[in-house]
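K.L.:
This structure is in structure tokens; I'll ask about it shortly.
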Amino acid sequence: NKRMAPLISFIIPFFGNADKDLLAESLASIQEQGLKENEEYEVLICDDSGLGIGGARNNGLSRAKGRYIMFVDADDRLLPNSINTQIINTLKIENPDVFTLGFLTQEKENAPKLTFSYQCYESGAQYLLKHKFLGSVWRHFIRRELIATQKLHFSTNRYHQDEAFILQCYLHAKCTLISSWPIYLYNQHASSVTHQKDVRMQQTRIEDFGGELILLKQYLETTPLSIVQHEALERRISFLTIDYLRQLHRNRCKIAACRERIQQLKAVKLLPLPNRGYGWKYQLARLTFNLLTAL
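So the number in my numbering is just where the residue sits in the sequence shown, counting from 1, plus 29.
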């Protein structure tokens, strides 16, 4: 008999000098959820083929058989008993394209659990139009069929590659569920990429962030999108541009390099920031950065 595909494929990128003890903890956190192996889940530990974390995740996607994909980083783990019967039933009954859940950092690991509930949106774009968005790829159940149909993949050998991927998942998702029920423990350890203080590493991350921004702008201009999708993506790109400019300041980018990067943003019309009703904080940032970058 042909074996049924599992409900969930957990994809864990693992390569280079990654910590095997942390990987073992991550694996155990999945195996101890009480899910039935092969029927309800499979785990894919993926090498990068020399193409970085994006390459490892693409590798996992090419091998996954599950109806839903969840990405778990090898130094993070799932919270105990968090993927419970309610979560599984919600996936089976609601059949969402994207189901996003909450996460905790280590200092809040033992916070009391909330009552499980979720909000349903007609589309991911409808959600993006009104809400802040954390561009990490973990803590989401993403329908594998959505990824395949839209031919979505991660940029390779580049930091910040999950931002564009999860954003495109949301843009093309129909039924989208959002819950604050925490399932994921984000491990903020000193050796993680986002905490590297090495100057060359910071410069590479800034360059890669700028590269992803330009790719998203090109995607906005060349992809057939509905009005809602277009507005949602434009909104997100504007907020990411502000984040990028703040990173230039935060990382003490040299004046000549800042000017060069600002000219790149102007060349692809990411600057000046558009006048949109995204709230007073956006308007304040827009006026400030538009004035500064015009000098």
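Note that CB positions come from ideal geometry on N, CA and C, so glycine has one too.
(1) I'd like to check one pair, cysteine 75 with glycine 89: are the Cβ atoms closer than 8 Å?
(2) Compute the beta-carbon to beta-carbon distance between isoleucine 40 and phenylalanine 100, rounded to the nearest angstrom, for a pair I have assumed lies under 8 Å.
(3) At what residues does the alpha helix (DSSP H) containing phenylalanine 100 begin and finish?
(4) Go ahead and label alanine 261 buried or exposed: buried means 16 or more other beta carbons lie within 10 angstroms of its beta carbon, across all protein chains shown.
(5) Grouping DSSP H, G and I as helix and E and B as strand, with all else coil, what is arginine 106?
(6) Let me make sure I understand the geometry here. Which of Ala323, Leu175, Asn216, Asn319 has the alpha-carbon closest to that of aspartate 126?
(7) In three-state terms, what does DSSP make of leucine 244?
(8) Would you call the stretch 146–154 and the stretch 231–249 touching, i.e. three or more CB-CB distances under 8 Å?
(9) Select from Ile284, Gly81, Pro42 the residue whose C-alpha is nearest the C-alpha of arginine 106.
(10) Under 8 Å, do glutamate 71 and serine 38 count as touching if we go by C-beta distance?
(11) Report the option in Ile98, Ala103, Ala286 whose CA atom is closest to the CA atom of glycine 45.
(12) Answer yes or no: do threonine 185 and leucine 56 have a C-beta to C-beta separation smaller than 8 Å?
(13) Return the chain-ordered list of same chain residues with a C-beta closer than 7 Å to the C-beta of glutamate 34, the five sequence neighbours on each side being excluded.
(14) Could you give the DSSP three-state label for tyrosine 215: helix, strand or coil?
(15) Less than 8 Å between the beta carbons of aspartate 237 and arginine 187, yes or no?
(16) Curious, which full-length alpha helix (DSSP H) runs of at least 4 residues does the stretch 33–93 contain?
(17) For isoleucine 243 and leucine 130, which I take to be in contact (beta-carbon distance under 8 Å), what is that distance rounded to the nearest angstrom?
(18) Which value, in whole angstroms, describes the spacing of the CA atoms of glutamine 247 and alanine 296?
(19) Exposed or buried, which one is histidine 278 when buried takes at least 16 other CB atoms within 10 Å?
(20) Which whole-angstrom value is the C-beta distance of valine 166 and isoleucine 207, which I expect to be below 8 Å?
(21) Here's the rule: buried if 16 or more other CB atoms are within 10 angstroms of the residue's CB, otherwise exposed. What is glycine 84?
(22) What would DSSP say about valine 257, mapped onto helix, strand or coil?
(23) Could you please give the first and the last residue of the uninterrupted alpha helix (DSSP H) stretch that includes histidine 201?
(24) Quick check: the Cα distance between histidine 259 and threonine 322, rounded to an integer number of angstroms?
(25) Rounding to the nearest angstrom, what Cα-Cα distance links serine 111 and glutamine 62 in this structure?
P.N.:
Walking through what the data contain:
(1) Yes.
(2) Between phenylalanine 100 and isoleucine 40 the Cβ distance is about 5 Å, and since that is below 8 Å, they are a contact.
(3) Boundaries for phenylalanine 100: no alpha helix (DSSP H) harbours it, while the beta strand (DSSP E) harbouring it runs 97–100, taken from the DSSP string.
(4) Burial call: buried.
(5) Arginine 106 sits in a strand when the DSSP states are folded into three classes.
(6) Looking at Ala323, Leu175, Asn216, Asn319, the one whose alpha-carbon comes closest to that of aspartate 126 is Leu175.
(7) Correct three-state label for leucine 244: helix.
(8) The stretch 146–154 makes no contact with the stretch 231–249; the number of CB pairs closer than 8 Å stays below 3.
(9) The candidate whose alpha carbon is nearest that of arginine 106 is Pro42.
(10) Contact flag set, yes.
(11) Checked all of Ile98, Ala103, Ala286; the closest Cα to glycine 45 is Ala103.
(12) No; because the gap between Cβ atoms is not below 8 Å, this pair is not in contact.
(13) Reading off the sequence, residue 34 comes out as alanine, not glutamate. Excluding sequence neighbours, alanine 34 sits near Lys94, Gly95, Arg96.
(14) Note: tyrosine 215 maps to strand in three-state DSSP.
(15) Yes.
(16) The qualifying runs are 49–60, 81–92.
(17) Not a contact, Cβ separation roughly 31 Å.
(18) Each residue's alpha carbon lies about 12 Å from the other.
(19) Looking at its Cβ environment, which holds fewer than 16 other Cβ atoms inside 10 Å, histidine 278 is exposed.
(20) With 8 Å as the limit, valine 166 and isoleucine 207 do not qualify as a contact, their Cβ atoms being about 16 Å apart.
(21) With 16 or more other Cβ atoms inside 10 Å of its own Cβ, glycine 84 counts as buried.
(22) Three-state DSSP puts valine 257 in a helix.
(23) DSSP places histidine 201 inside the alpha helix (DSSP H), whose first and last residues are 190–201.
(24) Looking at the two C-alpha atoms, the distance is approximately 25 Å.
(25) In this structure, the straight-line span from the alpha carbon of serine 111 to that of glutamine 62 is close to 7 Å.
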